[in-house]
Amino acid sequence: MKKLMFALVALATLSFTACKEDASAKVDESKKEIAEERDSKTQAYPVMEFEEQEFDFGTVEEGEVVEHTFVFTNTGDAPLIVSNAVATCGCTVPTWTKEAIAPGDKGEMLVKFNTRGKPNQQMKAVRITANTQSGRETLRIKAFVNPQNSNAGSPVK
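What the sequence shown shows, in mature numbering (1 follows the signal peptide of the UniProt record, and there is no 0), is residues -20 to -1, 1 to 137, in sequence order.
Printed below as a string of structure tokens:
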């Protein structure tokens, strides 16, 4: 058993010492220059910059449909494409500029919130999928919804 262990240790030592050749001598200089040039070029991304990322509707009555338009500018170096926008709840519906937004141009995200069946304090998020560097942006809306039934949530008397 000792001889087997000794043989394995010797084999492992031989393997590690045999690979000590100068690896940097094997690098092709022309390929190294090409790789450095490629890595030095940074990818151009669009940047979705909103005038505001959260909007407060204040106090609204239950049953109302309220809406707000979020305006954004592409401050990046490539065309901005919003591929999807989804809300955390079916009561909130986003619609947005579908065509590509050139650098420096503006786009809009209209968010509608149906307050029916949503009494009291509400906060909803809209998650945006776009070709930005992070790939995700988030907007928020909030409101205090006055219940239609003033006894809603109170104990029965």
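For each residue, glycine too, the CB sits at the ideal point set by N, CA and C.
Predicted, not measured: the structure shown is a model, and the values here were computed from it.
* Asked: For LYS78, is the classification buried or exposed, using 16 other Cβ atoms within 10 angstroms of its Cβ as the cut-off for buried?
  -> Counting from 1 along the sequence shown, the entry for residue 78 is found at position 98. Answer is exposed; the Cβ neighbour count stays below 16.
Would you tell me roughly how many angstroms separate the C-alpha atoms of MET89 and THR53, rounded to the nearest one?
Counting from 1 along the sequence shown, the entry for residue 89 is found at position 109. Counting from 1 along the sequence shown, the entry for residue 53 is found at position 73. Each residue's Cα considered, the two are about 11 angstroms apart.
Validate contact between the stretch 46 to 60 and the stretch 20 to 38 using beta carbons, cut 8 angstroms, 3 pairs: yes
- Using three-state DSSP, classify GLU9 as helix, strand or coil. Counted from its first residue, the sequence shown places residue 9 at position 29. Looking at GLU9 - three-state DSSP - the assignment turns out to be helix.
Query raised in the report: Exposed or buried, what is VAL106 when buried is set at 16 or more other beta-carbons lying within 10 Å of its beta-carbon?
Result: Within the sequence shown, numbered from 1, the residue matching residue 106 stands at position 126. It counts as buried.
* Straight-line Cα distance separating ILE14 from LYS122 -> Translated into the one-based positions of the sequence shown, residue 122 becomes position 142. Translated into the one-based positions of the sequence shown, residue 14 becomes position 34. Computed Cα separation, rounded: 52 angstroms.
**OP:** Could you name the residues of the same chain whose beta carbon sits closer than 7 angstroms to that of ILE61, not counting the 5 residues immediately before and after it, in chain order?
**Re:** For the purposes of this step, residue 61 is taken as the residue at position 81 of the sequence shown. Result list for ILE61: ALA80, ALA110 and ASN111, in chain order.
- Pick out whichever of ALA67, ASP85, ASN100 and LYS104 has its Cα sitting closest to the Cα of residue 138. The displayed coordinates of the chain run from -20 to 137. Any statement about residue 138 would go beyond what the structure contains.
| task | Identify which residue in SER63, LYS98, MET(-20) and GLN113 has its Cα closest to the Cα of THR39. | result | Sequence index remark: in the sequence shown, residue 39 carries index 59 (1-based). Looking at the Cα atoms, LYS98 is the closest of the given residues.
**Item:** Boundaries (first-last residue) of the beta strand (DSSP E) holding ARG120
**Value:** Locating residue 120 in the sequence shown gives position 140, counting from the first residue. Residues 116 to 126.
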